[in-house]
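One line per chain: the protein sequences are C and E, in this order.
Per my numbering, the first sequence runs over residues 1 to 116.
Per my numbering, the second sequence runs over residues 117 to 232.
Idealized CB from N, CA, C, for every residue including glycine.
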Amino acid sequence: AQKITQTQPGMFVQEKEAVTLDCTYDTSDPSYGLFWYKQPSSGEMIFLIYQGSYDQQNATEGRYSLNFQKARKSANLVISASQLGDSAMYFCAMREEKAAGNKLTFGGGTRVLVKP
Amino acid sequence: DTGVSQNPRHKITKRGQNVTFRCDPISEHNRLYWYRQTLGQGPEFLTYFQNEAQLEKSRLLSDRFSAERPKGSFSTLEIQRTEQGDSAMYLCASSDLRQLVQETQYFGPGTRLLVL
């Protein structure tokens with residue numbers, strides 16, 4: 001089974017509107033962290049936001065917020081007031097505390113294209 | 117700029133040749149990771165170091181791959197006898213163990229390898 005699932009391969013969003021990117025995860029580890037990264041065409045993975053499994057409140061970072069629904073095992077990213085520069089691939093990733101290597105496991109990504 | 121740097125950014129080689137990539141982590145980050153990303157996919161974990169010790173290797177890391185991190189600073193990833201299937205983006209990331217729960221991995225710009 002996939003540990004991280006991103007069901008939306010691509011999305012269009014109008015400039016200045018909000019967009020929600022879906023992410024569901026699968027783990028039996030009670031302690032884990034969820035990350036979102038942005039990857040522009042240049043290739044660099046840019047860290048956006050983090051949510052810990054024990055965090056009581058949804059994480060927010062500027063225009064980025066994370067809709068964390070633990071019981072449903074979902075961690076959707078919301079980008080508010082989209083800008084042209086938000087056009088990129090977005091990856092959801094998970095780190096399980098018990099996972100060997102402290103590695104991140106990534107989903108397949110969602111491509112976002114912001115239309116002017 | 118104190119981010120993660122990788123060299124070279126692009127590498128084209130012929131099948132059977134050896135290639136070596138370098139990663140310079142963020143200063144004082146004690147953990148360093150290598151990931152591989154093929155076209156249209158999320159990154160996949162290859163290996164990681166804590167200081168100079170290589171603590172975990174993925175099954176993806178065949179015998180033709182070797183990584184080092186002498187003195188716990190920069191790291192090199194060498195691929196011997198390259199194959200066309202090795203064509204991918206090789207991403208390096210570093211993190212600070214002292215961050216504890218939220219140990220965010222910061223990525224470099226990657227090295228794009230094309231094996232002809």
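Tell whether a beta-carbon distance below 8 Å holds between residue i and residue j.
i	j	result
residue 114 of chain C	residue 90 of chain C	no
residue 192 of chain E	residue 124 of chain E	no
residue 15 of chain C	residue 83 of chain C	yes
residue 78 of chain C	residue 24 of chain C	no
residue 66 of chain C	residue 46 of chain C	no
residue 188 of chain E	residue 120 of chain E	no
residue 95 of chain C	residue 54 of chain C	no
residue 171 of chain E	residue 152 of chain E	no
residue 154 of chain E	residue 209 of chain E	no
residue 7 of chain C	residue 22 of chain C	yes
residue 39 of chain C	residue 88 of chain C	yes
Can you tell me whether DSSP reads residue i as helix, strand or coil?
i	result
residue 86 of chain C	helix
residue 146 of chain E	coil
residue 33 of chain C	strand
residue 180 of chain E	coil
residue 200 of chain E	helix
residue 102 of chain C	helix
residue 156 of chain E	coil
residue 215 of chain E	helix
residue 52 of chain C	strand
residue 188 of chain E	helix
residue 220 of chain E	coil
residue 67 of chain C	strand
residue 22 of chain C	coil
Along chain C, which residues have their Cβ under 8 Å away from the Cβ of residue i?
i	result
residue 220 of chain E	35, 47, 50
Find the nearest neighbour of residue i within the set the options, judged by alpha-carbon distance.
i	options	result
residue 42 of chain C	C:94, C:102, C:116, C:85	C:85
residue 73 of chain C	C:63, C:79, C:28	C:28
residue 5 of chain C	C:36, C:31, C:12	C:36
residue 51 of chain C	E:220, E:232, E:224, E:230	E:220
residue 13 of chain C	C:26, C:7, C:81, C:2	C:81
residue 231 of chain E	E:159, E:160, E:195	E:195
residue 140 of chain E	E:118, E:176, E:172, E:180	E:118
residue 161 of chain E	E:205, E:154, E:174	E:174
residue 3 of chain C	C:110, C:64, C:93, C:102	C:93
residue 144 of chain E	E:229, E:156, E:211	E:211
residue 30 of chain C	C:59, C:97, C:116	C:97
residue 129 of chain E	E:215, E:202, E:218, E:222	E:202
Going along chain E, which residues have a C-beta under 7 Å from residue i?
i	result
residue 68 of chain C	Result: empty, since nearest Cβ-Cβ is about 14 Å, beyond 7 Å.
residue 73 of chain C	Within 7 Å Cβ-Cβ: nothing; residue 73 of chain C doesn't reach chain E, min ~18 Å.
residue 109 of chain C	158
residue 106 of chain C	158, 159
residue 91 of chain C	158
Residues of chain C with a CB under 7 Å from the CB of residue i: which are they?
i	result
residue 225 of chain E	42, 43, 44
*Using Cβ-Cβ distances below 9 Å, what residues of the region 143-159 of chain E are close to chain C?*
Only those residues of the region 143-159 of chain E whose C-beta falls short of 9 Å from the nearest C-beta of chain C are listed: 147, 149, 151, 153, 156, 157, 158, 159.
*Name the residues in the region 204-215 of chain E whose C-beta lies less than 7 Å from a C-beta of chain C; which are they?*
Taking 7 Å as the Cβ-Cβ cut-off against chain C, the residues of the region 204-215 of chain E that qualify are 205, 207.
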